[in-house]
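Numbering (the numbering used here), first residue to last: 288 to 731.
Structure below.
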């Protein structure tokens with residue numbers, strides 16, 4: 288297979304399997320708010336180290352900092368794909384619920400364009416929405432206006448969708464030890480939130496409200512890395528990333544229907560134009576590497592979500608609603624700035640030794656973050672701990688390809704009582720194909 292054919296084959300594989308990225312790997316009631324649950328935009332290797340990425344230059348695909356792409360060598364073609372299996376437990380007082388999900392997390396490829404220039408392309412989720420639950424019944428007057436015994440109203444909530452991004456990135460080593468890079472992404476997706484009121488009186492109408500949007504826009508991410516070594520075996524890398532924030536000029540819709548049985552009796556549509564905004568992000572990281580065997584790093588990230596535009600469909604005389612006004616159907620919530628700190632490490636006892644267990648990559652990490660959603664004036668908090676191992680895949684050419692397995696425990700909880708607490712156990716499996724596809728075509 289020629290170099291060109293191999294690249295075309297990998298791109299076709301990404302396009303075909305990319306459809307599976309639409310399958311959500313979450314089932315959280317908190318995805319009801321904003322863009323939903325933000326995805327961990329990293330590979331399985333990064334997740335095993337707490338999600339650190341800004342200072343990593345380990346010749347694996349590191350989408351967290353495009354400056355790292357310049358580290359790829361001349362004969363290598365990288366292909367990386369990851370899946371996850373998840374068990375989630377939700378609790379609020381005596382109420383408990385369990386959900387199991389699986390998903391294809393990402394696919395990416397990387398190769399060198401020329402000396403000190405690497406190119407990366409991939410598909411990765413940006414956010415996920417997936418939930419379904421029913422509220423407690425409450426006594427209300429008969430919705431058809433008839434007299435007699437009152438009616439009980441039952442409210443159910445469901446939602447699905449999310450945003451995905453297809454990206455193309457380049458990393459360039461401008462001069463010795465200093466690299467810059469950029470990702471340009473096409474951000475796309477949709478969501479639908481549905482609130483349905485049904486009544487104990489079988490002759491009563493039901494009220495169905497759909498909140499929906501189709502979103503397509505761009506996303507720009509920039510990165511830089513500076514490395515320095517001393518005493519041969521010690522190396523440090525400083526990394527920084529910046530993502531641009533901007534308006535998303537897509538509309539959001541509220542479709543309200545009054546139904547009798549399965550027949551729509553009345554329908555109204557409200558529209559909010561230019562309804563969304565993408566926040567800017569800033570991050571810094573430091574990584575230390577000893578003798579290409581021990582890697583230790585720390586990252587800090589801040590996303591400026593506070594004040595971002597997002598449709599609430601509130602009765603507001605200054606809003607850009609085309610027809611009528613409607614009450615806020617959601618619980619009170621607002622955006623707040625997201626911050627995250629991650630720490631992680633990887634250790635390879637002897638990458639070229641004969642002992643199988645000494646060639647394994649042992650990984651461990653942890654993170655703490657304050658999510659961007661504030662519900663009922665309560666801040667949210669999230670922390671996770673991870674550990675994993677990467678197993679070299681032996682073949683007749685080399686053992687640089689890896690099978691990575693990472694286990695994550697994640698806790699999401701509000702600072703005040705009365706809201707749902709979430710606990711996740713997630714298994715991430717990543718396949719990194721690192722082969723000397725270009726050896727025969729090497730030109731120095």
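Even glycine gets a Cβ: it sits at the ideal position worked out from N, Cα and C.
This structure is a prediction, so every number in the text was calculated from the model and none was measured.
Exposure label - residue i; buried when at least 16 CB within 10 Å
{"i": "residue 397", "result": "buried"}
{"i": "residue 702", "result": "exposed"}
{"i": "residue 440", "result": "buried"}
{"i": "residue 531", "result": "exposed"}
{"i": "residue 614", "result": "With a pLDDT of 41 at residue 614, under the threshold of 50, the predicted position of this residue should be treated as unreliable, though the coordinate-derived value follows. Burial call: exposed."}
{"i": "residue 392", "result": "buried"}
{"i": "residue 506", "result": "buried"}
{"i": "residue 543", "result": "buried"}
{"i": "residue 555", "result": "exposed"}
{"i": "residue 541", "result": "buried"}
{"i": "residue 533", "result": "exposed"}
{"i": "residue 340", "result": "buried"}
{"i": "residue 612", "result": "Bear in mind that a pLDDT of 35 at residue 612, under 50, signals an unreliable position, so the number given afterwards is only what the model happens to contain. Exposed, because fewer than 16 other Cβ atoms sit within 10 Å of the Cβ of residue 612."}
{"i": "residue 569", "result": "exposed"}
{"i": "residue 334", "result": "buried"}
{"i": "residue 363", "result": "buried"}
{"i": "residue 715", "result": "buried"}
{"i": "residue 563", "result": "buried"}
{"i": "residue 516", "result": "exposed"}
{"i": "residue 553", "result": "exposed"}
{"i": "residue 717", "result": "buried"}
{"i": "residue 528", "result": "buried"}
{"i": "residue 274", "result": "Residue 274 is absent from the model: the chain starts at 288 and stops at 731."}
{"i": "residue 417", "result": "buried"}
{"i": "residue 641", "result": "exposed"}
{"i": "residue 421", "result": "exposed"}
{"i": "residue 739", "result": "Shown here, the chain extends from 288 to 731; a query on residue 739 therefore has no answer."}
{"i": "residue 401", "result": "exposed"}
Integer-rounded CB distance, given that residue j should sit under 8 Å from residue i
{"i": "residue 537", "j": "residue 502", "result": "5 Å"}
{"i": "residue 372", "j": "residue 389", "result": "5 Å"}
{"i": "residue 675", "j": "residue 691", "result": "6 Å"}
{"i": "residue 369", "j": "residue 330", "result": "6 Å"}
{"i": "residue 545", "j": "residue 497", "result": "About 13 Å separates the two Cβ atoms, so there is no contact after all."}
{"i": "residue 735", "j": "residue 457", "result": "Residue 735 lies beyond the residue range present for the chain, which begins at 288 and ends at 731; the question has no answer from this structure."}
{"i": "residue 445", "j": "residue 419", "result": "4 Å"}
{"i": "residue 352", "j": "residue 584", "result": "Contact doesn't hold; Cβ gap of about 11 Å is too wide."}
{"i": "residue 719", "j": "residue 365", "result": "7 Å"}
{"i": "residue 374", "j": "residue 383", "result": "Not confirmed; about 13 Å, so no contact."}
{"i": "residue 677", "j": "residue 332", "result": "7 Å"}
{"i": "residue 514", "j": "residue 483", "result": "No, residue 514 and residue 483 are not in contact; Cβ-Cβ is about 56 Å, not under 8 Å."}
{"i": "residue 535", "j": "residue 565", "result": "6 Å"}
{"i": "residue 378", "j": "residue 708", "result": "5 Å"}
Neighbourhood of residue i by C-beta distance below 6 Å, restricted to the same chain and skipping five residues each side
{"i": "residue 547", "result": "492"}
{"i": "residue 578", "result": "520"}
{"i": "residue 651", "result": "632 and 674"}
{"i": "residue 320", "result": "620 and 660"}
{"i": "residue 655", "result": "628 and 670"}
{"i": "residue 710", "result": "376 and 698"}
{"i": "residue 713", "result": "371, 373 and 695"}
{"i": "residue 687", "result": "721"}
{"i": "residue 736", "result": "A question about residue 736 goes unanswered here, because the residues of the chain that appear run from 288 up to 731."}
{"i": "residue 349", "result": "340, 343 and 355"}
{"i": "residue 588", "result": "570 and 627"}
{"i": "residue 512", "result": "354, 466, 524 and 526"}
{"i": "residue 477", "result": "448 and 501"}
Same chain only: Cβ atoms within 8 Å of residue i, ignoring 5 sequence neighbours per side
{"i": "residue 667", "result": "317, 657, 658, 660, 661, 699, 700, 701 and 702"}
{"i": "residue 479", "result": "446, 447, 448, 497, 498 and 499"}
Cut-off 7 Å between Cβ atoms - residues of its own chain near residue i, not counting five sequence neighbours on either side
{"i": "residue 605", "result": "Below a pLDDT of 50, predicted positions are generally treated as unreliable, and residue 605, at 35, falls in that range; no measurement from the model is reported."}
{"i": "residue 460", "result": "357, 403 and 466"}
{"i": "residue 576", "result": "522 and 582"}
{"i": "residue 473", "result": "452, 453 and 505"}
{"i": "residue 485", "result": "441 and 493"}
{"i": "residue 464", "result": "513, 514 and 515"}
CB contact below 9 Å: residue i versus chain B
{"i": "residue 451", "result": "You won't find chain B in this structure, because it holds only one protein chain."}
Inside the stretch 358-397 only - beta strand (DSSP E) runs reaching at least 3 residues: Those beta strand (DSSP E) runs which fall completely within the stretch 358-397 and span 3+ residues are 364-379.
Under 8 Å, with one C-beta from each stretch per pair, do the stretch 587-599 and the stretch 630-645 reach the 3-pair mark? Output reads no: the stretch 630-645 does not touch the stretch 587-599.
With a floor of 3 residues, list each beta strand (DSSP E) that falls wholly inside the stretch 500-540, ordered by position along the chain. Taking only runs of at least 3 residues, the beta strand (DSSP E) segments lying wholly in the stretch 500-540 are 521-530 and 533-535.
Unbroken beta strand (DSSP E) runs of length 3 or more, entirely within the stretch 618-667: which are they? Listed in chain order, the complete beta strand (DSSP E) runs (minimum 3 residues) inside the stretch 618-667 are 620-622, 625-634, 648-657 and 660-662.
Minimum length 3: unbroken beta strand (DSSP E) runs contained in the stretch 563-590: Complete beta strand (DSSP E) runs here, min 3: 563-565, 568-577 and 581-590.
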